[in-house]
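Input: a single structure, listed below in structure tokens.
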Amino acid sequence: MLFCAQFVKEINPGNSQANGAAEVAVRAAKRLLRKSEHAGEDIFESLLNIRNTKTEGSDTSPAERLLGRPTQTLIPTRRYHGYEFSKREAEKKQDARQNKLLRKHAGKDLPQLRVGDHVRVQPIDGSKKWKEATITKQLSGRSFETSDGLRRNRRMLRRGPSPEHSFAGGSTTQHHRGAPFPTQAQAPPPPQDPPPLDSLHPTRGSEEPGHQAALAPPHEASPLPSTNPDAEEPGIHTRSGRAVKKPARFR
Numbered sequence: 001m002l003f004c005a006q007f008v009k010e011i012n013p014g015n016s017q018a019n020g021a022a023e024v025a026v027r028a029a030k031r032l033l034r035k036s037e038h039a040g041e042d043i044f045e046s047l048l049n050i051r052n053t054k055t056e057g058s059d060t061s062p063a064e065r066l067l068g069r070p071t072q073t074l075i076p077t078r079r080y081h082g083y084e085f086s087k088r089e090a091e092k093k094q095d096a097r098q099n100k101l102l103r104k105h106a107g108k109d110l111p112q113l114r115v116g117d118h119v120r121v122q123p124i125d126g127s128k129k130w131k132e133a134t135i136t137k138q139l140s141g142r143s144f145e146t147s148d149g150l151r152r153n154r155r156m157l158r159r160g161p162s163p164e165h166s167f168a169g170g171s172t173t174q175h176h177r178g179a180p181f182p183t184q185a186q187a188p189p190p191p192q193d194p195p196p197l198d199s200l201h202p203t204r205g206s207e208e209p210g211h212q213a214a215l216a217p218p219h220e221a222s223p224l225p226s227t228n229p230d231a232e233e234p235g236i237h238t239r240s241g242r243a244v245k246k247p248a249r250f251r
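Straight run, no breaks: the sequence shown in the UniProt record's numbering ends on number 251.
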């Protein structure tokens, strides 16, 4: 029990990437066993070969990290003279590689949640319906326990509205995302005065010819069409305005 309390790391259900190194090791071992069985090779020889193969993203193999030197296998390798593997140099390279990765894929932290906050829990059974719950306990920095008895990671929780905000005033109407919440009842616009009767129905004086002549705008003299027979007809022009001329043989 003491060993489990000190060294065993608990992860949230559905968040296997928190224990990524162990998950990748198990996946690599299963893949190796399947390939060895399919090819009819010795499983122990395959395990020996993979222990001397350099890990992806590292300059050393599992055997070098464990023993400080490679073991004898059928893989052609150069001969090691003495203790050439430096643990300190490997740690420096690993730290530099990790810092470069963090700088490249830097992201912002999610808003902090506290006990009593109303959240929505992401499902892990394949459904698309998020459940509403309340945070009851914070187990670690990014692990929370909700009122429905589930333990979830921070990225599986979304802050949701409180029940009094969701059903304010006993209303059951749904609020569309992006629409503003109604603050208060808006008063109807004041009624406008009707237009005067003179503007709707013309008076008797306005029906006189002199009055109509005064209201009618003066007519401008329209230019007469040109009767010059020598005037050329407007030709065809392109979209840019260039005149299209026929070749001389078609004139």
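We put the beta carbon where it would ideally sit given N, CA and C, even for glycine. Just so we're clear, the structure is a prediction, and the values are computed from it rather than from any experiment.
Candidates the options: closest to residue i by CA position
i: Phe44; options: Leu74, Ser58 and Arg69; result: Leu74
i: residue 252; options: Asn15, Ser61 and Gly20; result: Because residue 252 is not part of the residues shown, which for the chain are 1 to 251, the question remains open.
i: Asp59; options: Lys30, Ile11 and Glu91; result: Glu91
i: Gln112; options: Lys104, Arg142 and Gln122; result: Arg142
i: Gln72; options: Thr238, Arg51 and Arg65; result: Arg51
i: Ala96; options: Gly57, Gly235 and Ser162; result: Gly57
i: Leu157; options: Ser140, Leu139 and Pro123; result: Pro123
i: Thr55; options: Ala28, Asp125 and Lys245; result: Ala28
i: Asp125; options: Gly20, His105, Gly14 and Leu139; result: Gly14
Cross-strand partners of residue i (DSSP beta bridge)
i: Lys131; result: Val121
i: Lys108; result: According to DSSP, Lys108 bridges with nothing at all.
i: Gln138; result: Phe144
i: Arg155; result: DSSP, once it has assigned bridges, lists no residue as partnering Arg155.
i: Ala28; result: Ala28 is not bridged to any residue.
i: Leu96; result: Correcting the residue identity first, residue 96 is Ala in this sequence and not Leu. Beta-bridge pairing links Ala96 to no other residue.
i: Ile236; result: Val244
Pair within 8 Å by beta-carbon distance, residue i and residue j
i: Val119; j: Gly160; result: yes
i: Asp148; j: Ile135; result: no
i: Ser46; j: Leu32; result: yes
i: Val121; j: Lys128; result: no
i: Gly235; j: Ala248; result: no
i: Ser16; j: Glu10; result: no
Simplified DSSP assignment, three categories, for residue i
i: Glu145; result: strand
i: Gly57; result: coil
i: Asp115; result: This sequence places Val at residue 115; Asp is not what is there. Coil at Val115, not helix or strand.
i: Phe181; result: Confidence at Phe181 is low in this model, with a pLDDT of 49, below 50, so the placement of that residue should be treated as unreliable; the coordinate-derived value is given next. Coil, per DSSP.
i: Ile11; result: coil
i: Pro70; result: coil
i: Arg88; result: helix
i: Asn52; result: coil
i: Gly20; result: helix
i: Glu37; result: helix
i: Arg103; result: helix
Whole-Å CB distance - residue i paired with residue j, under 8 Å assumed
i: Leu110; j: Arg155; result: 7 Å
i: Arg152; j: Asn12; result: 6 Å
CB contact below 8 Å: residue i versus chain D
i: Arg103; result: Among the chains in the structure shown there is no chain D, since it carries only a single protein chain.
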